[in-house]
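Here the structure comes first, spelled out in structure tokens, and everything after it is commentary.
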Amino acid sequence: MEHRHGDDGRDGHPGAAGLCLGSTPYHRRGDDHGYPGVEIEMREREIKNTVIVIADTLRRDHLGLYGNPWIRTPHLDAFGARSVVFDRAIVGSFACMPNRQDCWTGCYSYLDGPWRSLSDADIEFPIYLEQAGRRSMLISDQVHMFIQSAPRPGHAARSGSAYNGNYHRAFTGWEHIRGQAHDPWRTDSIEDVPLPCDPAKIKFMDSFRQHQRNTRQRQREEDYSAPQVFRAAADWAERNHTKDGFCLVVDCFDPHEPWDPPRYYAELYDPGYRGEEVGYPPYGPADIMSPAELRHMRALYAGEVTMVDRWLGFFLEKLDYLGLLDNTLVAITSDHGHMLGEHGRVGKDPDTLFYPEVARVPLIVWDPRLDGQGRRDNALAQTIDLCPTILDAMGAQAPAGIHGRSLLPRLADPAAPWRAHAIFGQHGQSAHVYDGEWQFGVPLSWRAGARPVLLNYERPALAEDPATAEMARARLGQALREQLADLRAPEMLRSQVDAALAATREGA
2 MEHRHGDDGR
12 DGHPGAAGLC
22 LGSTPYHRRG
32 DDHGYPGVEI
42 EMREREIKNT
52 VIVIADTLRR
62 DHLGLYGNPW
72 IRTPHLDAFG
82 ARSVVFDRAI
92 VGSFACMPNR
102 QDCWTGCYSY
112 LDGPWRSLSD
122 ADIEFPIYLE
132 QAGRRSMLIS
142 DQVHMFIQSA
152 PRPGHAARSG
162 SAYNGNYHRA
172 FTGWEHIRGQ
182 AHDPWRTDSI
192 EDVPLPCDPA
202 KIKFMDSFRQ
212 HQRNTRQRQR
222 EEDYSAPQVF
232 RAAADWAERN
242 HTKDGFCLVV
252 DCFDPHEPWD
262 PPRYYAELYD
272 PGYRGEEVGY
282 PPYGPADIMS
292 PAELRHMRAL
302 YAGEVTMVDR
312 WLGFFLEKLD
322 YLGLLDNTLV
332 AITSDHGHML
342 GEHGRVGKDP
352 DTLFYPEVAR
362 VPLIVWDPRL
372 DGQGRRDNAL
382 AQTIDLCPTI
392 LDAMGAQAPA
402 GIHGRSLLPR
412 LADPAAPWRA
422 HAIFGQHGQS
432 AHVYDGEWQF
442 GVPLSWRAGA
452 RPVLLNYERP
462 ALAEDPATAE
472 MARARLGQAL
482 REQLADLRAP
492 EMLRSQVDAA
502 LAATREGA
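Residue numbers (this note's numbering): 2 to 509.
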């Protein structure tokens, strides 16, 4: 089993090639094809491998291919132009590790419980791959993936802190890139390291000080976590590219906070700033920061997005040079977004899931059989669909009863049937339903300010019309009930949803 602690002396730099995808086949081949109304040509190619890339907390509206006009994401934009871009992808189970459980098992984890470790009842997709004679590899700096972080004696437990640490267990091999965020890795003294801002503007002081211990030795961009993750993935691909039948999962914690990219990335978006740097803000009201601090916080996040894009491009280019894009399905996604001052809030606390900044996610899929024919797709795709997609692509049998469905039929035919409603939520906190235009969510527990939220993404004004909104709430509420019944969700959850919907009707 591959397992590295700390630095391994690898050199390398993306250089000019790492900043432009002009030499890649998904940029080079022919004219654009495959848009609506144009017949899709499927090449006679066999998918032999799969690569899944998860970039934690990557907001879809911060990518050029999803319409962002000011953040530099040239590699993802170029990759998306030759791939299938899902415009209506939405979260499933919120937040970080419930999302990974969705991906690993193909089932909505929030229906049955909160953020937790995997149990004996959870059967992850690498197990089915192994039964089919396939290999799986996980490369990640996501500390929750590997570290069983139960509280030490005398230390209070934070929500979810003790319920992770075994998400690598089913993979054939795994590599933990150490030192991300609050990873209990380095023990160096940091008495001489100042805080970047007022302590009241730091979410968790102990976690942030551990982050400072882990990162104080950084001297160049390659020392940051995202470059290490994607370089490790590129190295693994180079060592294994001649051996078909693998699934590689690359899980990068960036652009999750703390946000502290190399200064030149933040300078792209807020040049000349000299104030406090709030890169790990508490979740809650945004007004704890001045307008200048809030603007710079957004620049720090945007800088991390651009850094992730740069090194993800380096990895994709390596796949191209190795010839893997000719026989490998590649999916790039995220688990959720993050409030950056929108709706007066910062973070991803339970009430933020009601809004698109957190709920909508990117999903870009390269299918080698399409030979670079890029198109957009309106299917309501979710993380639960990655598990059956991987198994389908690798010739392994998906287990009966999982909630997700393979994307392969949809990749081959944009008119292939798909779900009419997508449900999502956070265990004990909220339940939501989305039909591609309308999103309706209800709180499941009492919280100050918690209320049902109805949104229309395509025509926002419709949600403000009382008669139209009432009909939409009734229709979507019924769809949510039916979906939960079809999935045999626990009776407690269904009762909570019924009570929440009844309260919504009474308060309408």
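Even for Gly, the Cβ is constructed at its ideal location relative to N, Cα and C.
Since we're looking at a predicted model, the values are computed, not measured.
| task | Mind listing, in chain order, the continuous beta strand (DSSP E) runs of no fewer than 3 residues lying wholly within the region 289-369? | result | 329-334, 346-348, 364-367
| query | Considering only residues of the same chain and omitting the five flanking positions on each side of ASP113, which have a CB-CB separation below 7 Å? | reply | To locate residue 113, count along the sequence shown from 1; it is residue 112. If we look at ASP113 and ignore the five residues flanking it on each side, its Cβ neighbours are PRO491.
| task | Would you kindly report the start and end of the unbroken alpha helix (DSSP H) that includes HIS242? | result | Here residue 242 refers to the residue found at position 241 of the sequence shown. Here HIS242 belongs to no alpha helix (DSSP H), and DSSP marks it neither H nor E.
| query | Using the rule of at least 16 other Cβ atoms within 10 Å of the residue's Cβ for burial, across every protein chain shown, is ASP123 buried or exposed? | reply | Taking the first residue of the sequence shown as position 1, residue 123 is located at position 122. It is buried - the Cβ of ASP123 has at least 16 other Cβ atoms within 10 Å.
| Sorted by chain position, which residues of the same chain lie with C-beta nearer than 6 Å to ILE391's C-beta, five sequence neighbours on each side aside? | For the purposes of this step, residue 391 is identified with residue 390 of the sequence shown, where counting begins at 1. THR51, PHE126, CYS248.
| query | TYR510 and ALA303 look like a contact to me (Cβ under 8 Å); what is the Cβ gap, rounded to whole Å? | reply | Examination of residue 510 is not possible in this model, given that the chain is present from 2 through 509 alone.
| query | How about LEU455 and ARG482: are their beta carbons less than 7 Å apart? | reply | Stepping through the sequence shown from its first residue, residue 455 is reached at position 454. Stepping through the sequence shown from its first residue, residue 482 is reached at position 481. The answer is no: Cβ separation not under 7 Å.
| said: Just verifying my parser: in three-state terms, what is the DSSP assignment at GLY161? | reply: Position 160 of the sequence shown, counted from the first residue, corresponds to residue 161. With a pLDDT of only 42 at GLY161, under 50, the local geometry of the prediction cannot be trusted, and the value read off the model is given with reservation. Note: GLY161 maps to coil in three-state DSSP.
| said: Nearest by alpha-carbon distance to ALA462: which of GLN211, GLN484, TRP439, SER446 is it? | reply: On the sequence shown, position 461 is the one that residue 462 refers to. When each option's Cα is compared against that of ALA462, the closest is TRP439.
| request: Give me the Cα-Cα distance between ALA421 and GLU459, rounded to the nearest whole angstrom. | output: Within the sequence shown, the letter at position 420 stands for residue 421. Within the sequence shown, the letter at position 458 stands for residue 459. For ALA421 and GLU459, the distance between alpha carbons rounds to 16 Å.
| field | 7 Å Cβ cutoff met for ASP88 and SER94 | value | Residue numbering aside, residue 88 sits at position 87 when the sequence shown is read from its first letter. Residue numbering aside, residue 94 sits at position 93 when the sequence shown is read from its first letter. Against a cut-off of 7 Å, the Cβ pair of SER94 and ASP88 comes out as no contact.
| request: Tell me GLU176's beta-bridge partners as DSSP assigns them. | output: Position 175 of the sequence shown holds residue 176. Answer is ILE140, bridged to GLU176.
| request: Determine the closest residue to ALA56 out of ALA501, GLU343, ALA332, ASP487, with distance taken between C-alpha atoms. | output: As a first step, residue 56 is located in the sequence shown; it is residue number 55 there, counting from the start. It is ALA332 whose Cα lies nearest to the Cα of ALA56.
| said: For ASP436, which residues in the same chain have their Cβ closer than 6 Å to its Cβ, ignoring the five residues on either side in sequence? | reply: To locate residue 436, count along the sequence shown from 1; it is residue 435. Correct list, in chain order: HIS422.
| Mapping DSSP to helix, strand and coil, what is TYR109? | Your numbering for residue 109 matches position 108 in the sequence shown. Note: TYR109 maps to coil in three-state DSSP.
| Exposed or buried, what is VAL194 when buried is set at 16 or more other beta-carbons lying within 10 Å of its beta-carbon? | As a position in the sequence shown, residue 194 is number 193, starting the count at 1. Result: exposed.
| said: Restricting to Cα atoms, I'd like to know which of TYR129, LEU409, GLY442 is closest to SER137. | reply: Position 136 of the sequence shown holds residue 137. Nearest option by C-alpha distance: TYR129.
| request: Report yes or no: do the region 320-337 and the region 374-381 share at least 3 C-beta pairs separated by less than 8 Å? | output: Note that the region 320-337 does not touch the region 374-381; fewer than 3 beta-carbon pairs, one per stretch, sit closer than 8 Å.
| message | Would TYR265 and LYS204 qualify as a contact pair, given that the criterion is a beta-carbon distance under 7 Å? | response | As a first step, residue 265 is located in the sequence shown; it is residue number 264 there, counting from the start. As a first step, residue 204 is located in the sequence shown; it is residue number 203 there, counting from the start. TYR265 places its beta carbon 7 Å or farther from that of LYS204.
| request: Please classify HIS404: does DSSP put it in a helix, a strand, or coil? | output: Along the sequence shown, read from residue 1 onward, the residue named residue 404 stands at position 403. Note: HIS404 maps to coil in three-state DSSP.
| query | For PHE231, which residues from the same chain have a beta carbon less than 8 Å from its beta carbon, with the 5 sequence-adjacent residues on both sides left out? | reply | Within the sequence shown, numbered from 1, the residue matching residue 231 stands at position 230. If the five residues before and after PHE231 are omitted, its C-beta is found closer than 8 Å to the C-beta atoms of VAL251, CYS253, TRP312, LEU313, PHE315, PHE316, all from its own chain and listed in chain order.
| field | Start-to-end residues for the beta strand (DSSP E) that takes in SER431 | value | Your numbering for residue 431 matches position 430 in the sequence shown. For SER431, the enclosing beta strand (DSSP E) begins and ends at 431-435.
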